[in-house]
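In the UniProt record's numbering, the protein residues as written are 1 to 685. Every residue gets a Cβ at the ideal spot worked out from N, C-alpha and C, and that includes glycine.
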């Protein structure tokens, strides 16, 4: 607190929050208060749940008010880690020793050339020189690479050449509707099937190796939707029982008049197509389920032909919009592909609100949560800038006090009074209202504005990048994950959650959505032939308790998994035991890894602690992640927006960019997290 006060008074650019230091001993004796849970205590002390349960095994079955827990201190955990017999073992219990021979390194999943070079104190260029095949094959998990100039290759082994096995490709896409349609075939054989529960046009097309269009042409009634138990026709190529096969010559003219084929252009959006053909987005998704994965250039979709084509330019999709390349492949280390050919300029708009702090600094720091969050974010950004300096990047960073609150900001005044003529990227403001205002008044015609913290819907702009995923993105990715596994999905929604009901109706109308009033009967819906997934969206602790009680004793007989659309506090209720959540494989989407280990064990965290004598919290970590990712993208060979083809992952945040239907570039990088049997939270995706 004292150091922060001095820094703030001195108006230095880089400031940081104070924190209660861990006690000098190995453990803190903690008395359990009313409403406490192990998860809550874990967050308060920034100690992993697994570590608390390790030293308090009875806590697995719940904790009682006025009982005592032993909370290990950070220093103690660090010392224990150093005492570990094999520090290279990974915590997911799948690790191997990463160095089986002196001078040779076994590549672990998610490792990068940069991280390996740092570990062995060599350069990336050294690694390429010692391992010539890296330039063609890239870094492959479980492969061996030379990490020392002194390494001598055994005569019987060639460590620079590896024979890679190629996994068989399993088809997961629909048959091409453009090259294989009823119009191109005079006669076609079909057989009749009965639609099973949870089937979709997309899943049927995959199963019977056909296209959605062909199913619609064979079954005109499907325009009204697919119903469980309905009899429909499917193609019967190679079907053995000829007695059940019927030859049909479909009425091509009738099917053609009901739908229009539309090939997607690079700048088209669902919103634009919906307006042009006067068809609701919900209808487009209904007849083209693949749209739930996003609209892609070159895709062919079916649009119901109602005779109305609205000739109107798409709103929010200006011809000046840059066409973004699609993010494909795995995550990359952006520091491996930086270029230093041009000088860049970055501006940080940080709401210090210096004029409002006044003379009572201690009181302000003790009571103003927004100020503390601001300083945390900025302290992380400072380390990101220092890291950029260590890479010798030709970068100028200017820091400004944006003087903002929810209702006002000084950004417009900054744009008018300061020189932004050479600024390439601006990070900030923090509040969405102020972001929208800033986008309207950008100080030059090339600058990109990056919103670091808001997940609210933005005023569309092709020069705005939103780094925080929308809440709907989290929901979509959770549901899509379970759909891909073929699970039976039931979404249980509190009657007050109208927005969730509308979301499900718009994006996943085929899924079963029930009220929390029906929780007492959910165990009767279990099936044995597939995974049973139940997603609970409720703020009611009583509903969560009834929900878990109904399912926890059925896991021996059924494959059950529970989930929520975010890390719901209702599952932290003390009567819901952690072991119950583990048994039910509780899963939720998150913007961050939610990993205390990553926050305390990363190189960034160690440097942060060395500098500020405290571990970074999530705001400091986000400040580091956002700022570093922006800087590294500024120094790629592509323009800043064109780097959207590259997926990146920093300490706790992922960055996977795409342009949404309204035209704004947004981050869709989300983690799916699950309570695991080793008492930690694991990443599923």
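For residue 682, there is no enclosing alpha helix (DSSP H); the residue is found in the beta strand (DSSP E) stretching over 681 to 683. Closest in C-alpha terms to residue 44, from the list 682, 618 and 652, comes 618. Residues 472 and 475 of the same chain have their beta carbon placed closer than 7 Å to that of residue 503, with the five preceding and five following residues left out of the count. Secondary structure at residue 449: strand, using DSSP grouped into helix, strand and coil. In the three-state DSSP reduction, residue 658 falls in the strand class (E or B). Residue 622 holds the alpha-carbon nearest to the alpha-carbon of residue 383 among 74, 681 and 622.
When DSSP states are grouped into helix, strand and coil, residue 649 belongs to the strand group. Here residue 277 is buried, its C-beta having at least 16 other C-beta atoms within 10 Å. Residue state for residue 346 is assigned as strand, using DSSP reduced to three classes. Within 10 angstroms of the beta-carbon of residue 532 lie 16 or more other beta-carbons, which makes it buried. In this structure, the CA atom of residue 111 is about 18 Å from the CA atom of residue 628. Counting C-beta atoms within 10 angstroms of its own C-beta, residue 68 has fewer than 16 neighbours from the protein chains shown and is therefore classed as exposed. Excluding its 5 nearest sequence neighbours in each direction, residue 432 has C-beta neighbours in its own chain below 6 Å: 454 and 456, listed in chain order. Where residue 550 is concerned, the enclosing alpha helix (DSSP H) starts and stops at 541 to 552. The residue from 140, 448, 103 and 327 with its alpha-carbon nearest to that of residue 126 is 103. As for any beta strand (DSSP E) of minimum length 3 sitting wholly inside the stretch 428 to 477, the runs are 448 to 451 and 464 to 466, ordered along the chain. Counting along the chain, the unbroken alpha helix (DSSP H) around residue 503 starts and ends at 498 to 507.
Judged by their CB atoms, residue 351 and residue 402 are nearer to each other than the 8 Å cut-off. Look at residue 605 here: in three-state DSSP terms it is helix. By the C-beta criterion, the stretch 490 to 506 is judged not to be in contact with the stretch 413 to 423, since fewer than 3 inter-stretch pairs fall below 8 Å. In the structure shown, the three-state DSSP call for residue 30 is strand. Bounds of the alpha helix (DSSP H) holding residue 388 are 369 to 390. Going by C-alpha positions, residue 38 is about 12 Å away from residue 70. Here residue 304 is bridged, per DSSP, to 259. Taking the C-beta atoms as reference points, residue 587 is found nearer than 8 Å to residue 674. DSSP, reduced to helix, strand and coil, places residue 327 outside both helices and strands of the structure shown, so it counts as coil.
The alpha-carbon of residue 201 is positioned some 13 Å away from that of residue 221.
In the DSSP annotation of this structure, residue 579 is not part of any beta strand (DSSP E); the continuous alpha helix (DSSP H) holding it starts and ends at 578 to 583. Short of 6 Å from the beta carbon of residue 59, and not among the five residues preceding or following it, lie these beta carbons of its own chain, in chain order: 38 and 53.
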